[in-house]
Every structure is written in structure tokens, then in C-alpha cells.
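Novice: Letter by letter, the sequence shown follows residues 129 to 762 in this note's numbering.
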Amino acid sequence: MGYREVYGAWKADPEAFWMQAAEAIDWVRKPSKALFDENAPFYEWFSDGMVNACWNAVDRHVLAGRGDQVAIMHESPVTLSTKGITYRQLQDRVASLAGALRMRGVEKGDRVIIYMPMIPEAVVAMLACARLGAIHSVVFGGFAAHELAVRIDDCTPKAMIAASCGLEPDRVVHYKPLLDQAIDLAAHKPEFCVIYQREQEVAKLVEGRDFNWHGFQYGVRPAECVPVEGNHPAYILYTSGTTGQPKGVVRHTAGHLVALQWSMKNVFNIEAGDRFWAASDVGWVVGHSYICYGPLLAGATTVVYEGKPVGTPHPGTFWRTIQNNRIKSFFTAPTALRAIRREDPEGKWIKRYKLHDLQALFLAGERADPETVAWAQEHLGVPVIDNWWQTETGWPIAASPLGIEALPIKLGSPSVPMPGYDVRVLDEAGDPVSSGTLGAIAIRLPLPPGTLPTLWNANERFRKSYLDHFPGYYETGDAGYIDEDGYLYVMSRTDDVINVAGHRLSTGAMEEVLASHAAVAECAVIGIADELRGQMPLGLLCLKAGIETPHAQIVSEVVKLVRERIGPVAAFRTACVVKRLPKTRSGKILRATMTKIADGVEFKTPATINDPAILDEIRTSLITLGYPAVAKTG
129 MGYREVYGAW KADPEAFWMQ AAEAIDWVRK PSKALFDENA PFYEWFSDGM
179 VNACWNAVDR HVLAGRGDQV AIMHESPVTL STKGITYRQL QDRVASLAGA
229 LRMRGVEKGD RVIIYMPMIP EAVVAMLACA RLGAIHSVVF GGFAAHELAV
279 RIDDCTPKAM IAASCGLEPD RVVHYKPLLD QAIDLAAHKP EFCVIYQREQ
329 EVAKLVEGRD FNWHGFQYGV RPAECVPVEG NHPAYILYTS GTTGQPKGVV
379 RHTAGHLVAL QWSMKNVFNI EAGDRFWAAS DVGWVVGHSY ICYGPLLAGA
429 TTVVYEGKPV GTPHPGTFWR TIQNNRIKSF FTAPTALRAI RREDPEGKWI
479 KRYKLHDLQA LFLAGERADP ETVAWAQEHL GVPVIDNWWQ TETGWPIAAS
529 PLGIEALPIK LGSPSVPMPG YDVRVLDEAG DPVSSGTLGA IAIRLPLPPG
579 TLPTLWNANE RFRKSYLDHF PGYYETGDAG YIDEDGYLYV MSRTDDVINV
629 AGHRLSTGAM EEVLASHAAV AECAVIGIAD ELRGQMPLGL LCLKAGIETP
679 HAQIVSEVVK LVRERIGPVA AFRTACVVKR LPKTRSGKIL RATMTKIADG
729 VEFKTPATIN DPAILDEIRT SLITLGYPAV AKTG
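1. Is the CB-CB distance between Trp584 and Cys293 below 8 Å?
2. Curious, which full-length beta strand (DSSP E) runs of at least 3 residues does the segment 154-209 contain?
3. When the Cα atoms are used, what is the spatial distance from Ile725 to Lys236?
4. Since Gly415 and Ser408 are thought to touch, with beta carbons under 8 Å apart, how far apart are those beta carbons, to the nearest angstrom?
5. Measure the C-alpha to C-alpha separation of Leu516 and Leu388 and round it to an integer number of angstroms.
6. Residues in its own chain within less than 7 Å of Ile569 by CB, not counting five upstream and five downstream?
7. Where do the ends of the alpha helix (DSSP H) carrying Glu639 lie?
8. Can you confirm whether Leu260, when its beta carbon is compared against all beta carbons of chain C, has any partner nearer than 8 Å?
9. Have a look at Asp624 and Glu249 and give me their C-alpha separation to the nearest angstrom.
10. Express the C-alpha separation of Glu329 and Asp312 in angstroms, rounding to a whole number.
11. Could you pull the start and end residues of the alpha helix (DSSP H) that Ile742 belongs to?
12. Considering just the uninterrupted stretch of the beta strand (DSSP E) at Arg132, what are its terminal residues?
13. Between Tyr398 and Ala426, is the Cβ-Cβ spacing less than 8 Å?
14. Go to Asn340, then tell me how far its beta strand (DSSP E) extends in each direction, as first and last residue.
15. For His766, which beta-bridge partners are listed by DSSP?
16. Please state the DSSP three-state secondary structure of Phe116.
17. Pull up the DSSP beta-bridge partners for Asp606, would you.
18. According to DSSP, is Tyr418 helix, strand or coil?
19. On the criterion of 16 or more Cβ atoms from any shown chain inside 10 Å, does Val300 qualify as buried, or is it exposed?
20. Kindly indicate which three-state DSSP category Gly762 falls into: helix, strand or coil?
21. According to DSSP, is His274 part of a helix, a strand, or is it coil?
22. What number of angstroms, rounded off, separates the C-alpha of Ala144 from the C-alpha of Leu660?
23. Rounded to whole angstroms, what's the CA-CA distance from Pro441 to Ile468? Just pull it up for me.
24. Would you call the CB atoms of Tyr303 and Val267 closer than 8 Å?
25. Which stretch, first to last residue, makes up the beta strand (DSSP E) that contains Asp514?
26. If I follow the unbroken beta strand (DSSP E) through Lys375, where does it start and stop?
27. What does DSSP give as the partner residue(s) for Leu671 in the beta ladder?
28. Between which two residues does the alpha helix (DSSP H) harbouring Leu229 extend?
29. Between the segment 662-673 and the segment 703-713, are three or more C-beta pairs nearer than 8 Å?
30. How big is the Cα-Cα spacing for Glu692 and Trp503?
31. Does the ligand FMN have a heavy atom nearer than 7 Å to the CB of Pro159?
32. Suppose you measure from the CA of Gly177 to the CA of Leu385; what does that come to, to the nearest Å?
33. Checking 8 Å against the spacing of the C-beta atoms, do Thr381 and Ala351 come in under that value?
34. Whole angstroms is fine: what's the gap from Ser160's alpha carbon to Thr721's?
35. When DSSP builds the beta bridges, which residues end up paired with Glu556?
36. Check Glu692 in the structure and name its three-state DSSP category.
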């Protein structure tokens, strides 16, 4: 069947569709049905089934004779090391750590915070929790102590698992002092901590509380897999909240397994024995879904990569990793591609490597601008597939499902909705808009398996954040439109749609135009307060390496381009060249923060920002343009 037939089969009988998909995982007790809607809008999937995530990701592959296949390949251009771990070795390591955690009292339902860099031990820790039915919450390694403390108080972990340090190309990030400070700040105190000591830094342990990773496991009896109910939380993953208090996204175990197993084959075309690489971090949802669980559920080899797209040591490091590991499907963020393109606009580094096994490049994390996608398609010679989803959904809402049918790629679109997602574009009143009309993107309830059923200990906040605005729908917070072929275009966050003299305009549409200029490597458009028109757009441009054209000329040219392609209605008159854009560690551009700087509004530096110093650079640039830019960081 092609995409239309598969999507139609789901729509005709969702219950039958998901019960059939559930056959692809191993159950201790099969569920009696797929959807449990008795407590709507708090929907659940496969609730009365019994299952174990670690068994499905590890043990069943060993039992099936794949024990000698590499499960995890660790690539670290920072430490200049490469090592592989087979499924049998992974099973032994996970069972050993789980046994040690069990000996210290960790049981089904207990929470464990994991605070580690991109090393295999991070995945081992996640799977060890899953083996016991403990609920893990991974916090990005190196996250600020205050933010870690907030998460400790919210999920009240029995234990914490951390590394002594993380490694950047030019520095060592000291994790242990941050961990100690966070525990001091938190009202809740974990009973114990397990510390993986890296050779680059051996941290001082707190007597009676901290245990060395290897000593902690010495002489311990390995743990078997503990069956859990289908609606038992597999993990909590915190995402930024508008109130400053992070939202703990909950992922139920059975739906999580069924959805990821389905997506690996049908979206990414990955099966047992294939090699898959998602260049992300285990602290983000991509790391949960497509570094740890998804590839291992499929019986594939997954790559754990400790490095950057550029600078470790050059713009060819991604392509070298793909060549050396014979990667079949590669997944990264558009911001990583833009960084590479900025350093290597002609794609010369790509030509140095043999990428014969690569079938496709998948992009997600933020909007994939058409210029970057076209650049990658030209130089890689494979489909470049944008796919759109969120921390809350856990797997793609929209994509081109390579394992079903290679649909035509439309630049600027993540293609079409996946089964389970009934995507609509609504106006402010909640009514559907016509084809091609910009509006709020929402998904009819119920959401499919693998998506969030609620927030951790915050049902009312879940309703308020996602359900109340458009009754009967999940509000994505994104704005866009659907074309006449059913392709979805995600143009910006809803709060990034600006209102210029009564016209609702997408910043994403303007960014497309700016990015089409030959000198522009990356850009952002923000809306700045204007007494006459309400808001006016401002473009911020990062240029490609080696550009010698005067900045004033480039600004004049991009202003002309926007006027030609969008029209005078955009009122786009101002742009400036900046060295870099402020982003989160996952690559999202902090447009709202830049808007507050330009408007002179007090703001709080986002906890997830990659480098706070960039905000001062932006403030300086905006002052030269005459914007208030006087607000101080909160």
C-alpha cells in the first residue's frame, strides 16, 4: 500500500490499525484493546497490556540471535575515540546496572534523574531504569544547577546518575559541582548518586551518598526485566514552560514502544541490522526516541555522537562519521546543516567522503528553510526529508514516510500527516480555514500512541497549555497552512506570527526569502513594536564564510527581495548582519527573547540557551539600529 492507502486505513479503523501495529512488539500480556478513552481528554493506549521497554530494545534481539551485532557505536571526535557495544554486551551492562540500582532500593515507579554527556553509559542508564520499571528523567548534561534543582523538586528522584564531566572541543564541563550545587538548592534530596568517572576528570565523591559507577555494580546479581502496565510512565522529559516552570512531559510505555517501532520502519525505512544515526543529545526528545529507544527497538545499530557539526575538527565530521559507520538514514537539525553550509558553502567536504550507503537525510527540531534543504539535496544526492514533531508528541506528526512511499519533496514542507494525526489549520475562533490560508495548527483528539497523555503531576496545566484554546483539539503552538495536495507547511510558532497594520504575516515566510540570498547562511525575522503599524519586521543575518560584499549592500538586496516576493504588505525595511544567533542547545532560535531586547522589555535568559553572551552581541547590534535595547537580563 502507498501512503494514501495506509493513512486511509488508519482513519477508517484506528483501533484495528494500532492493534495490528502492536503485534510488532513483545508483550508479557497483550492488551484487550488499543484506545482507552474513559477519562477523556486524558486518553491512554494499550493500558491493560503488560510489557517491558528494555526487553523490547535489547533482550529480544539477543534471544533472536543478534547478540553479536553492534547495538551502539560511540563516536567521539572530541576524545578521538570510537568503540562499539554489541547487543549481548549491552544486555549485560544494562542488567548489571539495573541489579545495582535494585539492590539500593530502586523499584518500579521510582524516579531516577540522569545527567550525562553523549556517552554509551547514558543509554545504559536509561535502559537500566526501563528494565526495573523505574521512571527516568534525563536532564541535558551541564544544565545549570538551579534548573536541575527545579527538576529534582518536581519529579522527586530516589537516585541520580551522572558523569564527572562533559567535553567540549575547547574545554571540560564540570558536571559534579553542578550536581552537588543542585542537590544543595533542591528541597528534595535523592537517596544516592551514581557517578561515572571519566578519565578527563575524576570528581570528588560525597561519602555515604555518592558511588563510583563500577564499584557500585561490583558483585551484584543482574536484574531481569520487570513487566509494567501499558500506561506506566516510561520517562519524564522536561520542556520549557511560558511561566518559567518547566513542563514534565510524560511518556506511557506501551504507546511509546508501538509508535516508535512503527515509525522506524515506515518513516525512516530502518529494520534489524541497519545503521541509523540521529545527531542529537539524549537530553532532548530526539535522543530519547531516535538515539536510544527507536533504533534499538528496530534491532538496528545506533550512533552515540559526542561532537559538533563543525569544529570537531572540521565541517566534514558528519560526513566522515556517515562514511565510517555506513549509515543508512541520518537525522539531524536544520541548524546543524546551516552551520556546515556556512563553513563549506560549496560542499567540498562532502565530496571527500563516500556516502554510498546513505539513503536519506531527515531534518527536525526547527523549520527547515528551503535554501538549506536544496543545498543538502544538491551536494548529497539523496532525499532530504523534513519532518515535524515536538517533545510532546515523541515521534513525527508529519513526514514523507520513506518506508511506505517516497513522496515528492516540496521545499518548505515537512510533507504530510502520519497515521494517528488528524491535522487541521484553524482560525482564532477554532474554525477550519481554507487551503493555503495561514492559521493555528491543531490536531484532533485523541492523539495517537506515543504522545503525551498529560504532564507530570499537572493535569490542569496540561489542559490549559494544550487543550483549552481549541476544544476537541491539541494546540501545537505552531502556525502554518495546508496546500491543495494535503502538504503541511509549518511557518513559525504561533507567537512568531506578527501583525503588521492588521496583516498577519509569517516570520518563516520572510526568513525563506532572506535565506535565498547567496551571501546568507542563516537568518531570523522578529516583530518589533511599532506605534503606527503595531509591529514591524526586522531581519538578522548571519553570512557565509568568506563573504566580502559590504553589509549595507546585502541588507539593501534582501529588503528588495522581500518586497518582490512577499510584497509591500510585509513592510520589511530593516535588517542587520550579526555574527551569530542566540539558540537553545537543541538549535531553536530564541526569537521571542530577541524581540524583548529590541522592544526594551525586561526578560529572563532562557535556561536552555547555548551561550548567553550572544544576547549582549544582539543588544549591541540593535542599539546601532536605534532600537531601545536597554532591558537587562533577568
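All C-beta atoms, glycine included, are put in the ideal place defined by N, C-alpha and C.
Specialist: Result, derived from the coordinates:
1. Here the question's residue 584 lines up with position 456 in the sequence shown. Here the question's residue 293 lines up with position 165 in the sequence shown. No; because the gap between Cβ atoms is not below 8 Å, this pair is not in contact.
2. 198-204
3. Counting from 1 along the sequence shown, the entry for residue 725 is found at position 597. Counting from 1 along the sequence shown, the entry for residue 236 is found at position 108. One C-alpha to the other measures close to 46 Å.
4. As a first step, residue 415 must be located in the sequence shown, where it is residue number 287. As a first step, residue 408 must be located in the sequence shown, where it is residue number 280. That pair is a contact at about 5 Å.
5. The count along the sequence shown starts at 1 and reaches residue 516 at position 388. The count along the sequence shown starts at 1 and reaches residue 388 at position 260. According to the sequence shown, residue 516 is Trp rather than Leu. If you take the alpha carbons of Trp516 and Leu388, they lie about 15 Å apart.
6. Here residue 569 is taken as the residue at index 441 of the sequence shown, counted from 1. These residues qualify, in order along the chain: Val551, Val553, Thr604, Asp606, Ala607, Gly608, Val618.
7. Position 511 of the sequence shown, counting from 1, holds the residue named residue 639. Unbroken alpha helix (DSSP H) run through Glu639: 635-643.
8. The displayed structure is made up of one protein chain only, and chain C is not part of it.
9. Taking the first residue of the sequence shown as position 1, residue 624 is located at position 496. Taking the first residue of the sequence shown as position 1, residue 249 is located at position 121. Each residue's alpha carbon lies about 38 Å from the other.
10. Along the sequence shown, read from residue 1 onward, the residue named residue 312 stands at position 184. Along the sequence shown, read from residue 1 onward, the residue named residue 329 stands at position 201. Looking at the two C-alpha atoms, the distance is approximately 22 Å.
11. Within the sequence shown, numbered from 1, the residue matching residue 742 stands at position 614. Start and end: 741-752.
12. In the sequence shown, the residue the question calls residue 132 occupies position 4. Counting along the chain, Arg132 falls outside any beta strand (DSSP E), though it belongs to the alpha helix (DSSP H) covering 131-140.
13. Translated into positions along the sequence shown, residue 398 becomes position 270. Translated into positions along the sequence shown, residue 426 becomes position 298. Sequence check: residue 398 is Ile here, not Tyr. In contact: Ile398 and Ala426 (Cβ atoms closer than 8 Å).
14. Start at 1 with the first residue of the sequence shown, and residue 340 comes out as number 212. That run of the beta strand (DSSP E) goes 338-340.
15. No answer is possible for residue 766: it lies beyond the span of the chain, which begins at 129 and ends at 762.
16. The structure shown does not extend to residue 116, since the chain spans only 129 to 762, so no value can be given for it.
17. Numbered from its first residue, the sequence shown carries residue 606 at position 478. Beta-bridge pairing links Asp606 to Arg621.
18. Position 290 of the sequence shown holds residue 418. The answer is helix: DSSP assigns Tyr418 an H, G or I state.
19. For the purposes of this step, residue 300 is taken as the residue at position 172 of the sequence shown. Burial call: exposed.
20. Looking up residue 762 in the sequence shown gives position 634. Note on Gly762: pLDDT 37, under 50, position unreliable in the model; the coordinate value appears next. DSSP places Gly762 in coil when its eight states are reduced to three.
21. Reading the sequence shown from its first residue, position 146 is the one you call residue 274. Reduced to three states, the DSSP call for His274 is helix.
22. Residue numbering aside, residue 144 sits at position 16 when the sequence shown is read from its first letter. Residue numbering aside, residue 660 sits at position 532 when the sequence shown is read from its first letter. Roughly 56 Å between the two C-alpha positions.
23. By one-based count along the sequence shown, residue 441 stands at place 313. By one-based count along the sequence shown, residue 468 stands at place 340. Those two C-alpha atoms are separated by around 12 Å.
24. To locate residue 303, count along the sequence shown from 1; it is residue 175. To locate residue 267, count along the sequence shown from 1; it is residue 139. Contact flag unset, no.
25. Taking the first residue of the sequence shown as position 1, residue 514 is located at position 386. Counting along the chain, the beta strand (DSSP E) containing Asp514 begins and ends at 512-514.
26. Numbered from 1 along the sequence shown, position 247 holds the residue referred to as residue 375. Here the beta strand (DSSP E) through Lys375 covers 375-380.
27. On the sequence shown, residue 671 is found 543 positions in, with the first residue counted as 1. Paired residue(s): Val648.
28. Here residue 229 is taken as the residue at index 101 of the sequence shown, counted from 1. Here the alpha helix (DSSP H) through Leu229 covers 215-231.
29. yes
30. Here residue 692 is taken as the residue at index 564 of the sequence shown, counted from 1. Here residue 503 is taken as the residue at index 375 of the sequence shown, counted from 1. Going by the C-alpha atoms only, they are around 23 Å apart.
31. Judged by which ligands are present, the structure shown has none, so any question about the ligand FMN falls away.
32. Translated into the one-based positions of the sequence shown, residue 177 becomes position 49. Translated into the one-based positions of the sequence shown, residue 385 becomes position 257. Their backbone Cα atoms lie some 12 Å apart in a straight line.
33. Stepping through the sequence shown from its first residue, residue 381 is reached at position 253. Stepping through the sequence shown from its first residue, residue 351 is reached at position 223. In this structure, Ala351 does not lie closer than 8 Å to Thr381 by Cβ.
34. Stepping through the sequence shown from its first residue, residue 160 is reached at position 32. Stepping through the sequence shown from its first residue, residue 721 is reached at position 593. When rounded, the distance between both Cα atoms is 48 Å.
35. Translated into positions along the sequence shown, residue 556 becomes position 428. DSSP, once it has assigned bridges, lists no residue as partnering Glu556.
36. Numbered from 1 along the sequence shown, position 564 holds the residue referred to as residue 692. DSSP places Glu692 in helix when its eight states are reduced to three.
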